[in-house]
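**Student:** The numbering used here applies: residue 24 is where the sequence shown begins, and numbers increase by one.
Using N, Cα and C, we set each Cβ at its ideal position, and we do this for glycine too.
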Amino acid sequence: MTSVKILDKTVRLLSVFSAAQPEWSLTELSAAVSMPKSTAHRILRVLRHHDYLSQDADTGRFRLGFAALDLGFRAQAGRDVRRAAVPVLQRLAATSGETVLIIVPSEPRTEAICIERAETRAGLQLILEIGRHVPLYAGASSKVLLAYMAEAEIERVIARGLERVGPRTITNPAALRRDLAAIRRRGYAWSVEETNEGVAGVAVPLVDRNGTIAAGLSIVGPRTRFTPQRVPALLAMIGEGAAEIARQSGLMTVPAAAAVGNGRVRTKRGRGTS
């Protein structure tokens, strides 16, 4: 059996579970998807091992596990973030006169993706198209995601190579690690010409209910307008915008110098703050 066929059978089994019938026996599952019980049993065993399914010790019936529920929460959060972000991005773009972006990690978490943006005539046009994948190591919008990932994920990104994508892209691994540590201390990212000549940006992170980095909110524009005197005002704008998105989507903002362990933001209560 090819890996594609196995994956197809796995998806078919998972798709059977619903609110109307959350629990299934092996016999019911194999009949529902017209699959031999032996094949279904092997797949169910793997899904149970990875916590995508749980099995009642008394009845032997299966139901969705915590890993599947967490995946659903993440998918819902993605929709909620985009829905909550649109009016905030539009208002920030109008107020700042710059382009405003929401960036999220790709799956697997090796790149960043723009899921929504707002711009004005005065702002830079087409800096980053919606749906475009970009490196995690270059630019404030991306690095604010990478900074809050697990160390193993950061090292995996570095191991893939730090190719120059702009005049000031950080291509030295040690320098990048120092920069990411500085982002965590400050609670925001600020970059100049790391992705495009003449472009600067500032960004703040948003984490999910587990403290895992979920999105970044950023303002980008011509470097001549991102002066040290103006950046604090821009950071205040996106800080307020991030707080509003967090309230509407269930995500959380991240305070400066928040403790980060194994890719999760922790406060004294073990969670991010809103």
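Please work out which residues of its chain come closer than 7 angstroms, Cβ to Cβ, to M172, disregarding the five sequence neighbours upstream and downstream, and give them in chain order.
**Tutor:** Leaving aside the five residues that flank M172 on each side, the residues in its chain whose CB is nearer than 7 angstroms to its CB run, in chain order, R132, I236, G286.
**Student:** Within this structure, are the beta carbons of R261 and L52 separated by less than 9 angstroms?
**Tutor:** The sequence shown places Ile at residue 261, rather than the Arg named in the question. For I261 and L52, no; Cβs fall outside 9 angstroms.
**Student:** Taking all protein chains shown into account, do 16 or more other C-beta atoms lie within 10 angstroms of the C-beta of L94, making it buried, or fewer, making it exposed?
**Tutor:** exposed
**Student:** Classify T247 as helix, strand or coil using the three-state DSSP reduction.
**Tutor:** helix
**Student:** Just the C-alpha distance for L36 and L258, rounded to the nearest angstrom, thanks.
**Tutor:** 47 angstroms
**Student:** Once the 5 residues before and after I126 are set aside, which same chain residues still bring their CB inside 6 angstroms of it?
**Tutor:** Taking I126 as the centre and dropping the five residues before and after it, the same chain places the C-beta of A135, C137, S164, G239 closer than 6 angstroms to its C-beta, in chain order.
**Student:** Can you list, in chain order, the residues of its chain with a C-beta nearer than 7 angstroms to that of S272? Leave out the 5 residues immediately preceding and following it.
**Tutor:** A100, D103, V104, A107
**Student:** Tell me whether the beta-carbon of I66 lies closer than 9 angstroms to the beta-carbon of T33.
**Tutor:** yes
**Student:** Name the two residues that bound the continuous alpha helix (DSSP H) containing E134.
**Tutor:** Run containing E134: none in the alpha helix (DSSP H); it sits in the beta strand (DSSP E), 134-141.
**Student:** State yes or no: is the C-beta of Q78 within less than 9 angstroms of the C-beta of F85?
**Tutor:** Annotated as proximal: Q78 and F85, with beta-carbon spacing under 9 angstroms.
**Student:** Hey, R187 and E216 are a contact pair by Cβ (cut 8 angstroms); roughly how many whole angstroms apart?
**Tutor:** The Cβ separation is near 11 angstroms, so there is no contact.
**Student:** Might you give, ordered along the chain, the residues of its own chain that have their beta carbon closer than 7 angstroms to the beta carbon of P196, omitting 5 neighbours on each side?
**Tutor:** I181, L185
**Student:** Suppose contacts are defined by Cβ-Cβ distances below 9 angstroms. Is A226 in contact with R248 by that definition?
**Tutor:** Not a contact, by the Cβ cut-off of 9 angstroms.
**Student:** Identify whether S297 lies in helix, strand or coil by the three-state DSSP scheme.
**Tutor:** In this prediction, S297 scores a pLDDT of 39, lower than 50, which makes its location untrustworthy; the coordinate-derived value is nonetheless stated afterwards. It is coil, neither helix nor strand.
**Student:** Can you check the segment 40-76 for any alpha helix (DSSP H) of at least 4 residues that lies completely inside it and give the ranges in chain order?
**Tutor:** Counting only runs of 4 or more, we get 49-55, 60-72.
**Student:** Report back the beta-carbon spacing between V109 and E139 to the nearest angstrom; my notes put them in contact at under 8 angstroms.
**Tutor:** 6 angstroms
**Student:** Whose CA, out of G83, T276, L76, lies closest to the CA of L49?
**Tutor:** G83
**Student:** Mind checking I153: buried by the 16 CB within 10 Å criterion, or exposed?
**Tutor:** exposed
**Student:** Going by the CB atoms, is the gap between Y211 and A269 shorter than 9 angstroms?
**Tutor:** no
**Student:** Classify E220 as buried or exposed, calling it buried when 16 or more other Cβ atoms lie within 10 Å of its own Cβ.
**Tutor:** exposed
**Student:** Look up G239 in the DSSP assignment and give the residues it is bridged to.
**Tutor:** Under DSSP, the beta-bridge partners assigned to G239 are I126, P228.
**Student:** What span of residues does the beta strand (DSSP E) with G284 cover, start to end?
**Tutor:** DSSP places G284 in the uninterrupted beta strand (DSSP E) bounded by 282-284.
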